[in-house]
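Letter 265 of the sequence shown, counting from 1, is numbered 264 in numbering that gives the first Met the number 0, and no numbers are missing.
The structure appears right after this line, and notes come after that.
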Amino acid sequence: MAENVQMEKLVALCKRRGFIFQSSEIYGGINGFWDYGPLGVELKRNVKNAWWEDVVRKRDDIVGLDCSIIMNPKVWEASGHVGGFSDPMVTCKSCKKHMRADKVFFFYVLDEKEMADIKDLQEFQKKHSALEIRVTLPTALDVGIEADSISQALEQVDKAISESAKKNNVPNFKKCKILKALVAEDGDEAFLRVENKLGKKCWVIVKASKIAKQGDDRPCPGCFDRTSLTEPRQFNLMFKSYAGAMEDSTSEVYLRPETAQGIFANFKNVLDTSRMKLPFGIAQIGKAFRNEINPRNYTFRSREFEQMEIEFFCRPDEADKWYKHWRDARFQWYIDHGLRSSRLRLRDHEKDELAHYAESCADIEYEFPFGVSELEGVANRTDFDLKQHQEHSGKDLTYFDDVAKERFIPYVIEPSGGVDRATLAFLCEAYTEDEAPDEKGKMQSRTVMKLHPRLAPIKLAVFPLVKKDGMPEIAREIHQDALAAGLASFYDEKGAVGRRYRRQDEAGTPFCVTVDGQTLKDKTVTIRDRDTLHQDRISLQEVVSYVRERVE
Ligand code: GAP
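Right under this line is the structure:
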C-alpha cells in the first residue's frame with residue numbers, strides 16, 4: 000500500500016472509531032493539537048501503564064515523580080532552554096509559510112548539458128565515488144522539499160525524478176532508488192548518488208543544498224517562488240505565559256518543553272526522602288509543550304504531547320554500562336509490544352551530531368508510513384544538568400557514596416520517549432487489511448487493528464448470537480463478570496454477528512465471545528481470536544481467566 004494511502008486510511012479509521020480527533024474540530028481545529036477519543040484514551044493509557052509497570056513497578060531501582068508543568072523560570076535558564084531551545088526558521092514572504100530551515104532540503108538534478116560540461120568526468124566520478132555517470136533527465140530538476148530528514152526528502156526526490164522522466168518521455172528510464180545520501184560535501188552543497196533499482200551501474204548526480212542567506216535563489220517548497228525565502232532566524236520553542244495578575248516580564252513563565260528538568264530540580268528531594276542509592280532512576284510521565292514551527296505527520300510532531308522519561312543516576316565510571324543497558328532495554332520494549340524489529344532501527348549518533356551535554360546518544364527509530372523517524376532517544380547526559388542546577392540554584396546537588404567514601408555529582412542516562420509517538424507507531428503497525436469469512440462462510444475483506452493485547456483498548460467483546468431465548472442475559476452476565484474482574488469488556492447485541500466482529504476488529508479487540516444455542520444446552524461459548532480467527536469452545540466460567548492469561 001502506498002505510504003500516504005495507508006496513512007490516510009489510518010487517520011480515517013482513527014476518527015471513525017474514536018481513537019484520535021482533531022482538537023477543537025467544531026471550530027476548524029488548531030494546528031499541532033490532538034484529542035484522544037474513547038478508544039484512543041484507553042490505548043494511550045495502556046501504553047503509559049505498560050511503561051510505568053515495566054520501568055517503575057517491576058524494578059526496585061526506579062521511583063516515580065509527578066512535577067508541575069509550570070516551574071520557576073530559573074529552571075529553564077539553568078537548563079539552557081531560555082537561551083538555546085530554538086529551531087532555525089525560514090519564512091516564505093510570498094505564501095507566508097513558516098518552515099524549519101533544517102527541515103527544508105533543496106535538490107538540483109543536473110541536466111544532460113550540465114553533466115556534459117563537467118570538464119573531467121573521470122575526476123568527478125572519482126571525487127564523488129560514482130561508478131558510472133548517466134544523466135537520466137533532459138531538463139534539470141530543481142525542487143525544495145520539506146521533510147524530517149534527508150532520507151525522507153530523498154524519497155520525494157526519487158518520486159520527482161520518476162515523474163519528470165515520465166513527463167519528458169525519457170526513453171528507457173528505469174526507476175531510481177536513492178541508496179546512499181551525501182557522498183560528498185562542497186560548501187553548502189552536497190552531491191548524492193542515486194542508484195538504479197534494476198541495474199547497479201546507472202547513476203545520476205544530484206546536488207543538494209541548504210539555504211544560508213536571503214536571496215539564495217532557492218524555490219519555496221510551498222509556492223516555488225525563488226525570491227521569497229527569508230534567511231533562517233532562531234525561534235524559541237517554549238510557550239510563554241504569565242503567573243499572577245501582572246502581565247509583565249516579572250511574571251513570565253514557561254510551559255515545560257520536557258519533563259526531565261522537573262526530575263533534576265527534585266533530585267535532592269527524592270534522594271533525601273526515598274533514601275535511594277546509586278545507581279537509581281526517577282521516572283515521570285507528563286505533558287510537554289513545544290511551539291513547533293511546523294507540526295506535521297498527524298500526531299508525530301505536535302505542539303502539546305506527552306513524554307515518558309527516566310533520568311537514571313549512576314557513578315561516572317558506570318555510565319557507559321548503563322547507557323548500553325537502557326538503549327537495548329528500551330529497543331526491546333517496543334519489540335515486546337508488537338513493533339516489528341524489521342521496522343525498528345537503533346541509530347547511534349555520530350560524535351558531531353551530539354548535543355553539547357551528551358557524551359553518547361542513540362535514537363530508537365521506527366519506519367512510519369511517512370518515513371523512518373525517532374520514537375525515543377537514549378542519551379548519556381553526563382553530570383551536565385545537575386551541575387547546571389547546582390550552579391544556578393546555589394544548592395548542593397552532590398551525592399555521597401558511603402562505600403567508596405566519595406562525594407560527586409552523578410552522571411545521568413536518559414531514556415526519553417514520546418507517548419503520542421509510541422501510540423502512533425503502535426497504530427501504524429496494527430493497521431492491517433486482510434480477509435475473513437462472513438456468516439455464510441464467504442471471504443470478505445476486513446480492516447483489523449492488530450494491537451498487542453496488553454495495549455488493546457478493549458480486551459473482550461461479548462455478543463448474544465440473537466436477541467432472544469435468554470442469550471442476552473447470559474452475555475450480559477459474562478460482560479459484567481469481566482468488568483468486575485478489571486477486564487475492559489464491551490457488550491454488543493446490535494446487527495448481524497459478522498458486523499459486530501468487524502466493529503471489534505477495527506477497535507483492535509483481541510477476543511470476542513459469542514453466546515449461542517449451544518450455550519443454553521451446555522454452558523459453553525465460542526471465543527474468537529482476532530488475528531488467527533480461530534474459535535475455541537470454552538465454558539462460561541473459563542472466559543475471564545482465558546482472556547486474562549492472554550492480555551496481561
Ligand atoms: N529530555 C530529552 C528530550 O526531551 P527530545 O528528543 O527532544 O529529548 C524526547 O524528546 C521524545 O519526546 C522524542 O523522542 C519524541 O518521542 C517526543 N517528542 C519530542 N518532540 C515531540 C513533538 N513535537 N511531538 C510529539 N512527540 C515529541
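Heads up, the beta-carbon is just placed ideally off N, CA and C, and yes, glycines get one too.
Exposure of residue i, with buried meaning 16 or more beta-carbon neighbours within 10 Å
i	result
residue 241	exposed
residue 576	What the structure shows of the chain is the stretch from 0 to 551, and residue 576 is not part of that stretch, so it cannot be assessed.
residue 519	exposed
residue 4	exposed
residue 181	Confidence at residue 181 is low in this model, with a pLDDT of 43, below 50, so the placement of that residue should be treated as unreliable; the coordinate-derived value is given next. So residue 181 ends up on the exposed side.
residue 131	Reliability of the predicted coordinates at residue 131 is poor, the pLDDT of 46 falling under 50, and no value is obtained from them.
residue 465	exposed
residue 551	exposed
residue 556	In the structure as shown, the chain begins at 0 and stops at 551. Residue 556 is therefore absent and cannot be evaluated.
residue 272	exposed
residue 154	buried
residue 399	exposed
residue 306	buried
residue 168	exposed
residue 379	buried
residue 349	exposed
residue 391	exposed
residue 80	buried
residue 419	buried
residue 292	buried
residue 478	buried
residue 56	exposed
residue 13	buried
residue 7	exposed
Closer than 6 Å: residue i CB and nearest the ligand GAP heavy atom
i	result
residue 259	yes
residue 301	yes
residue 106	no
residue 417	yes
residue 306	yes
residue 145	no
residue 375	yes
residue 555	Examination of residue 555 is not possible in this model, given that the chain is present from 0 through 551 alone.
residue 499	no
residue 255	no
residue 453	no
residue 420	yes
Bridge partners - residue i, DSSP secondary structure assignment
i	result
residue 29	In the DSSP output, where bridge partners are listed per residue, residue 29 has none listed.
residue 284	307
residue 90	97
residue 372	365
residue 378	360, 413
residue 63	282
residue 538	523
residue 21	33
residue 270	Its beta-bridge partners do not exist; DSSP assigns none.
residue 85	235
residue 228	91
residue 295	300
residue 69	254
CB contact check: residue i to chain B, cutoff 7 Å
i	result
residue 268	In the structure shown, chain B cannot be found, because there is only a single protein chain.
Quiz prompt | Three CB pairs or more closer than 8 Å across the stretch 220-230 and the stretch 84-104 | solution = yes
Quiz item: Can you list, in chain order, the stretches of the beta strand (DSSP E) that have 3 or more residues and sit fully within the stretch 298-369?
Solution: 303-313, 343-347, 359-367
Quiz item: Should the stretch 366-374 be called in touch with the stretch 416-436, which here means at least 3 C-beta pairs below 8 Å?
Solution: yes
Quiz item: How do the stretch 379-388 and the stretch 438-447 stand: do at least 3 beta-carbon pairs fall below 8 Å, yes or no?
Solution: no
Quiz item: Is it a yes or a no for the stretch 322-337 touching the stretch 66-84, going by three-plus beta-carbon pairs under 8 Å?
Solution: By the criterion of at least three beta-carbon pairs nearer than 8 Å, the stretch 322-337 is not in contact with the stretch 66-84.
Quiz item: Which ranges does the beta strand (DSSP E) cover as unbroken runs of at least 3 residues, wholly within the stretch 233-257, from first to last along the chain?
Solution: Listed in chain order, the complete beta strand (DSSP E) runs (minimum 3 residues) inside the stretch 233-257 are 239-241, 251-253.
Exercise. May I ask you to verify whether the stretch 226-237 touches the stretch 258-266, counting CB pairs closer than 8 Å and requiring at least 3?
Key: no
Quiz item: Per the contact definition of three or more C-beta pairs closer than 8 Å, is the stretch 478-485 in contact with the stretch 528-536?
Solution: No, the stretch 528-536 is not in contact with the stretch 478-485.
Quiz item: Touch check for the stretch 462-477 and the stretch 355-364: three-plus C-beta pairs under 8 Å?
Solution: no
Practice problem: Write down every uninterrupted run of the alpha helix (DSSP H) in the stretch 444-530 whose length is 4 residues or greater and which is fully enclosed by it, in chain order. | Solution: 470-483, 496-506, 516-521
Practice problem: Would you mind listing the alpha helix (DSSP H) stretches within the stretch 380-450 that are 4+ residues and don't spill past its ends, in chain order? | Solution: 383-392, 418-429
Quiz item: Taking contact to mean at least 3 C-beta pairs separated by less than 8 Å, is the stretch 240-258 in contact with the stretch 278-287?
Solution: With the cut-off at 8 Å, the stretch 240-258 and the stretch 278-287 touch.
Exercise. Count the CB pairs spanning the stretch 332-343 and the stretch 405-412 that are closer than 8 Å, and state whether there are at least three.
Key: no
Self-check item: Sufficient close CB pairs (3 or more, under 8 Å) joining the stretch 299-308 to the stretch 25-33
Solution: yes
Practice problem: Can you check the stretch 33-58 for any beta strand (DSSP E) of at least 3 residues that lies completely inside it and give the ranges in chain order? | Solution: Counting only runs of 3 or more residues that sit fully inside the stretch 33-58, the beta strand (DSSP E) segments are 33-35, in chain order.
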